[in-house]
Amino acid sequence: MHCLIAVAANTFRETLRDKILYNLVFFALLLIAASVLLGTLTIGEQARIVNDLGLAAINLVAIIIAIFVGIGLVSKEIERRTIYTILARPITRGQFVLGKYLGLALIVIVNVGIMFAIFLATVWLSGHTVHGSLFQAVELIVIEALLVMGLALFFSTFSSSVLSATMAIGFYIIGHLTGDLKAIAEKNSSQGMKAVMTAFYYVCPNLETLNIKGQAAAGIPVDIGFQAMATAYGLMYAGLLLVGACLIFQRREF
Amino acid sequence: MEAILIEHLTKTYKPMWPWQPASTVLSDVSLSVAKGEIFGFLGHNGAGKTTTMKILLGLLRGTSGRVEVLGEPAGDVGTHARIGYLPESPYFYDYLTAGEFLEFYGSIAGLPADVIRDRVPPLLERVGLTEARHRQLRKFSKGMLQRIGLAQTLIHDPELIILDEPMSGLDPMGRKEVRDLILSLRDQGKTVFFSTHILSDVEMICDRVGILAKGKMLALGRIEDLAGEHVAQSVEVVCDGVMGAEIDAIKRLAMRTLQRGNRCLMVLPGHDCLEEALAALRQAGGKLVSIIPHKGSLEETFIEQSLRRG
């Protein structure tokens, strides 16, 4: 446990000092500010525009951090050979993988927290109502980022950075289209195609479950039961990916 | 108990495709390193030195053979608390300062925070990086990275220190400091297993050496035995005041001569003809400056063994 916390703390500190993170957060803040300007151009829907764009900006930056910093968590350590000195210490490979994940999870939570605070301040200063549904939406944004981070980490334990990024982005996109996959499977006459699409539907994470931004932006609260189930689903999926990542990493040679 | 025990170690990489041949990087390698010994592991680039070290640490797994480190099977995570390892050309976390870096490596070695706090300043001083304590590692030169790498190897006061090319990237002064550091570790009762291709370093500090080529152990033993066993000895004579025809009688005895102005250097094939050469020198009225007997060097042994191996 001691080693796991040390790796997590080191990952947090290293990532925090990387300037790319500040650029991303700055980009999000620009988008939030732009939402106010765009809102003034619309009639009647101003609050919704600010909420929509603000949540989208937070979501986008959280996913970019999750994928692009996530794939570097392990692959960068292997490419730069820092992994050699780490694994030469009394630390298991599982502790290393989990420590890296926790460190970045903390980064995502802190960053989303900062962006959300500024977003709320923007909403409030623009004179709009701060709905409780915004908190619900941002909670599921964090869960989605944790899941996508799990995907990135999982792929990076057995493939190169470029391939890991490609696969993580691919799964992220498919994850938002799983409803369509099911519809294609049902309508397709070919049994083979049906089987492939159904398999994809069950294997890929259903990220649309975690997307309540539209509803939240309109100020409509989401059922707490659904929120809890969606959170549990996202965390369980991320947990499974982490178990897979640890198992693959355990067998890997450097 | 041996610090390192390797018996009939073989490492073969399976091919990616069935029609490709398997590649064997280590073949039936056996060696042992006693506790408190400095062991030099020699070999050309690609000989299999780094692979052997990685197997000792569990970063790679041997295909067959027995490997024990400090009495436990290689790769045993618990044993790692007693091992320090420096890889070749280390590259560390860019954004950590030297102090933070050592604190991190101390903490993953399981050291309490107060022990780490006490150990970091003297360790930085020992590797000559006290001034750079608060500097981020991305601003370090290659030599400084090598030094901080050595410091992380020692932060948890390990019994066994495994160093992969510790002198690479260092200037002559830095190399001397590393040599002194390794010798001081032996004085503290530590075992040092290090690889290098800079043979003069090995000759000066190692108790025993192993020579590896193309994945096979060519020679293993004490330096004196290895160097003496394979190479004929020679004697170097330097004299002044003999020039031109006066020196012809001596030249006939020498394997090679080098005349520069008034001074002449001759390399004789052994002690047998030394008396005759000195008599001829006296007769010619020359003045003896020095006589240096040359024992076979490790470098000559290494080259000879490598050539024999092809």
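The listed protein sequences correspond, in order, to chains A and B. For the first sequence, the working numbering begins at 104 and goes up steadily by one. For the second sequence, the working numbering begins at 317 and goes up steadily by one. Each residue gets a CB set at the ideal place from its N, CA and C atoms; glycine is no exception.
Interface partners of residue i on chain B, CB under 7 Å
{"i": "Thr195 (chain A)", "result": "Val393"}
{"i": "Thr185 (chain A)", "result": "Tyr407, Phe408, Tyr409"}
Closer than 8 Å at the beta carbon, the chain B residues around residue i
{"i": "Cys349 (chain A)", "result": "None at all; the shortest Cβ gap to chain B is about 14 Å."}
Nearest-angstrom Cα separation, counted from residue j out to residue i
{"i": "Tyr125 (chain A)", "j": "Ile217 (chain A)", "result": "11 Å"}
{"i": "Val583 (chain B)", "j": "Leu412 (chain B)", "result": "55 Å"}
{"i": "Leu597 (chain B)", "j": "Pro609 (chain B)", "result": "18 Å"}
{"i": "Leu141 (chain A)", "j": "Phe130 (chain A)", "result": "16 Å"}
{"i": "Val547 (chain B)", "j": "Arg538 (chain B)", "result": "Only weak support exists for where Val547 (chain B) lies, its pLDDT of 47 falling under 50; the value from the coordinates is given anyway. Rounded to the nearest angstrom, the two C-alpha atoms are 15 Å apart."}
{"i": "Val306 (chain A)", "j": "Arg355 (chain A)", "result": "24 Å"}
{"i": "Gly381 (chain B)", "j": "Met369 (chain B)", "result": "15 Å"}
{"i": "Phe329 (chain A)", "j": "Ala335 (chain A)", "result": "10 Å"}
{"i": "Ser457 (chain B)", "j": "Pro308 (chain A)", "result": "46 Å"}
{"i": "Val385 (chain B)", "j": "Leu440 (chain B)", "result": "28 Å"}
{"i": "Met317 (chain B)", "j": "Leu501 (chain B)", "result": "19 Å"}
{"i": "Thr326 (chain B)", "j": "Leu376 (chain B)", "result": "12 Å"}
{"i": "Val341 (chain B)", "j": "Val346 (chain A)", "result": "32 Å"}
{"i": "Leu453 (chain B)", "j": "Asn113 (chain A)", "result": "14 Å"}
{"i": "Val518 (chain B)", "j": "Phe510 (chain B)", "result": "9 Å"}
{"i": "Phe115 (chain A)", "j": "Leu176 (chain A)", "result": "11 Å"}
{"i": "Ser516 (chain B)", "j": "Ile170 (chain A)", "result": "49 Å"}
{"i": "Ile521 (chain B)", "j": "Ser550 (chain B)", "result": "23 Å"}
Residue-level contact to chain A via CB, residue i, 8 Å cutoff
{"i": "His513 (chain B)", "result": "no"}
{"i": "Leu376 (chain B)", "result": "yes"}
{"i": "Gly459 (chain B)", "result": "no"}
{"i": "Phe510 (chain B)", "result": "no"}
{"i": "Gly426 (chain B)", "result": "yes"}
{"i": "Ala338 (chain B)", "result": "no"}
{"i": "His450 (chain B)", "result": "no"}
{"i": "Leu373 (chain B)", "result": "yes"}
{"i": "Ile432 (chain B)", "result": "no"}
{"i": "Ser397 (chain B)", "result": "This sequence places Ala at residue 397 (chain B); Ser is not what is there. Yes, Ala397 (chain B) counts as interfacial toward chain A."}
{"i": "Pro609 (chain B)", "result": "no"}
{"i": "Lys455 (chain B)", "result": "no"}
{"i": "Ser423 (chain B)", "result": "yes"}
{"i": "Lys330 (chain B)", "result": "no"}
{"i": "Lys370 (chain B)", "result": "yes"}
{"i": "His546 (chain B)", "result": "Model confidence at His546 (chain B) stands at a pLDDT of 49, short of 50, so the residue's coordinates are unreliable; what they give is reported in the following sentence. No, its Cβ sits nowhere closer than 8 Å to a Cβ of chain A."}
Near the ligand FAD: residue i beta-carbon under 7 Å from a heavy atom
{"i": "Glu493 (chain B)", "result": "For the ligand FAD, the structure offers nothing, since it holds no ligand at all."}
Contact list for residue i against chain A, beta-carbon separation under 8 Å
{"i": "Gln468 (chain B)", "result": "Thr188"}
{"i": "Pro403 (chain B)", "result": "Arg184, Tyr187, Thr188"}
C-beta neighbour in chain B for residue i, strict 8 Å
{"i": "Phe257 (chain A)", "result": "no"}
{"i": "Glu247 (chain A)", "result": "no"}
{"i": "Gly357 (chain A)", "result": "Looking at the sequence shown, residue 357 (chain A) is not Gly but Phe. Yes - at least one Cβ of chain B is within 8 Å of the one on Phe357 (chain A)."}
{"i": "Cys106 (chain A)", "result": "yes"}
{"i": "Ala150 (chain A)", "result": "no"}
{"i": "Ala191 (chain A)", "result": "yes"}
Residue i - DSSP class collapsed to helix/strand/coil
{"i": "Met104 (chain A)", "result": "coil"}
{"i": "Met599 (chain B)", "result": "Going by the sequence as given, residue 599 (chain B) is Gln instead of Met. It is helical."}
{"i": "Gly359 (chain B)", "result": "coil"}
{"i": "Ile174 (chain A)", "result": "helix"}
{"i": "Met533 (chain B)", "result": "strand"}
{"i": "Pro193 (chain A)", "result": "coil"}
{"i": "Lys297 (chain A)", "result": "helix"}
{"i": "Ala390 (chain B)", "result": "coil"}
{"i": "Gln336 (chain B)", "result": "coil"}
{"i": "Arg355 (chain A)", "result": "coil"}
{"i": "Gly400 (chain B)", "result": "strand"}
{"i": "Val110 (chain A)", "result": "helix"}
{"i": "Phe510 (chain B)", "result": "strand"}
{"i": "Pro343 (chain B)", "result": "Checking the displayed sequence, the identity of residue 343 (chain B) turns out to be Ser instead of Pro. Correct three-state label for Ser343 (chain B): strand."}
{"i": "Asp480 (chain B)", "result": "strand"}
{"i": "Thr326 (chain B)", "result": "strand"}
{"i": "Leu641 (chain B)", "result": "What the structure shows of chain B is the stretch from 317 to 626, and residue 641 (chain B) is not part of that stretch, so it cannot be assessed."}
Under 9 Å from the C-beta of residue i: neighbouring residues of chain A
{"i": "Leu412 (chain B)", "result": "Asn113, Arg116, Glu117, Arg120"}
Strand pairing of residue i, partner residues [DSSP]
{"i": "His610 (chain B)", "result": "B:Ser550"}
{"i": "Thr379 (chain B)", "result": "Per DSSP, none; premise fails for Thr379 (chain B)."}
{"i": "Tyr411 (chain B)", "result": "Its beta-bridge partners do not exist; DSSP assigns none."}
{"i": "Cys580 (chain B)", "result": "B:Cys555, B:Gln575"}
{"i": "Arg524 (chain B)", "result": "B:Phe355, B:Arg538"}
{"i": "Val349 (chain B)", "result": "B:Ile320"}
Neighbour list for residue i in chain B, Cβ cutoff strictly below 9 Å
{"i": "Ala169 (chain A)", "result": "What Ala169 (chain A) touches in chain B: nothing, since even the nearest Cβ is about 20 Å away."}
Contact list for residue i against chain A, beta-carbon separation under 7 Å
{"i": "Phe420 (chain B)", "result": "Ala109, Asn113"}
{"i": "Pro482 (chain B)", "result": "Going along chain A, no residue has its Cβ under 7 Å from Pro482 (chain B), so there is no contact; the nearest lies around 13 Å."}
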